[in-house]
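**Q** Mind having a look at this structure? Questions to follow.
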Amino acid sequence: MSKNPVSRRQFLGYTLTGVGGFMAASMLMPMVRFAVDPVLQKKDSGDFIATSQKVSDLTEQPVRVDFSFEQVDGWYTSDVTNSAWVYKEGDKVVALSPVCKHLGCTVNWGGDPAQPEQFFCPCHLGRYEKNGKNIAGTPPLGPLDQYEVSEKDGFVMIGKTIANELV
Ligand code: FES
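Have a look at this one:
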């Protein structure tokens with residue numbers, strides 16, 4: 001009778017099981033991580049995007065301000081350019097979304113020479129007041145969305161869209 005409690009056969013079985021388990025885990029872990037990686041990423045949804053618009057240059061007349069950001073959709077990353085209509089209301093900076101609330105065309109400030117103090121959507125002749133309120137009798141049924149706004153080093157920073165608080 002052997003003094004060893006583990007036979008040679010058992011030792012070989014344990015060793016092969018351990019090595020096999022380690023190799024399987026080494027192969028599976030990267031696959032599992034790849035599958036759930038976007039879920040584990042931190043979201044920057046509260047971040048503001050820098051623009052080249054100086055706050056001191058703003059007036060009460062809306063100006064179009066373009067801004068770019070990196071959009072991450074699962075594993076796909078792309079550069080997106082967006083815009084806002086930005087103006088001053090007293091000391092407050094207001095930024096409105098240019099996306100028409102009818103069918104999503106882009107509105108322009110003073111786009112209709114007959115109504116230079118309104119936002120105008122050329123697609124179906126939609127109109128909005130300066131604060132984004134849709135004008136009754138035109139196709140849009142709701143006001144333009146607003147952007148959260150902040151200021152950094154004298155420049156306008158644009159945040160996420162929120163419901164229009166001016167109307
Ligand atoms: S999309 Fe703007 S009025 Fe229809």
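To convert, note that position 61 of the sequence shown is 61 in full-length UniProt numbering; the numbers rise steadily by one, no gaps.
Cβ coordinates follow ideal geometry from the N, Cα and C atoms, glycine included.
#1: Would you call the CB atoms of Asp145 and Ser97 closer than 8 Å?
#2: What does a CB cutoff of less than 8 Å around Gln61 pick up in its chain, not counting 5 residues either side in sequence?
#3: Mind checking whether the beta-carbon of Gly111 lies closer than 7 Å to any heavy atom of the ligand FES?
#4: In three-state terms, what does DSSP make of residue 170?
#5: Let me have the residue list for the ligand FES: C-beta closer than 5 Å to any non-hydrogen atom, ordered along the chain.
#6: Going by the C-beta, is Phe11 closer than 7 Å to any heavy atom of the ligand SAH?
#7: State the start and end residues of the unbroken beta strand (DSSP E) segment that holds Leu96.
#8: In three-state DSSP terms, what is Ser52?
#9: How many angstroms separate the CA atom of residue 168 from the CA atom of Phe155?
#10: Suppose contacts are defined by Cβ-Cβ distances below 8 Å. Is Thr51 in contact with Met157 by that definition?
**A** On the basis of the data shown:
#1: Position 145 of the sequence shown holds residue 145. Position 97 of the sequence shown holds residue 97. In contact: Asp145 and Ser97 (Cβ atoms closer than 8 Å).
#2: Position 61 of the sequence shown, counting from 1, holds the residue named residue 61. The beta carbon of Gln61 is closer than 8 Å to those of Tyr87, Trp109 in its chain, skipping five residues each way along the sequence.
#3: By 1-based counting over the sequence shown, the position of residue 111 is 111. Checking the Cβ of Gly111 against the ligand FES gives no.
#4: No statement about residue 170 is possible, as the shown extent of the chain runs from 1 to 167 and does not include it.
#5: These are the residues, in chain order, with a beta carbon less than 5 Å from any non-hydrogen atom of the ligand FES: Cys100, His102, Leu103, Cys105, Cys121, Cys123, His124, Gly126, Pro139.
#6: The ligand SAH is not among the ligands present in this structure, which contains only the ligand FES.
#7: Residue numbering aside, residue 96 sits at position 96 when the sequence shown is read from its first letter. 92-96 is the span of the beta strand (DSSP E), which, as asked, contains Leu96.
#8: Your numbering for residue 52 matches position 52 in the sequence shown. DSSP, reduced to helix, strand and coil, places Ser52 within a strand of the structure shown.
#9: Here the chain has residues from 1 to 167 only, and residue 168 is not among them.
#10: Position 51 of the sequence shown, counting from 1, holds the residue named residue 51. Position 157 of the sequence shown, counting from 1, holds the residue named residue 157. Yes; because the gap between Cβ atoms is below 8 Å, this pair is in contact.
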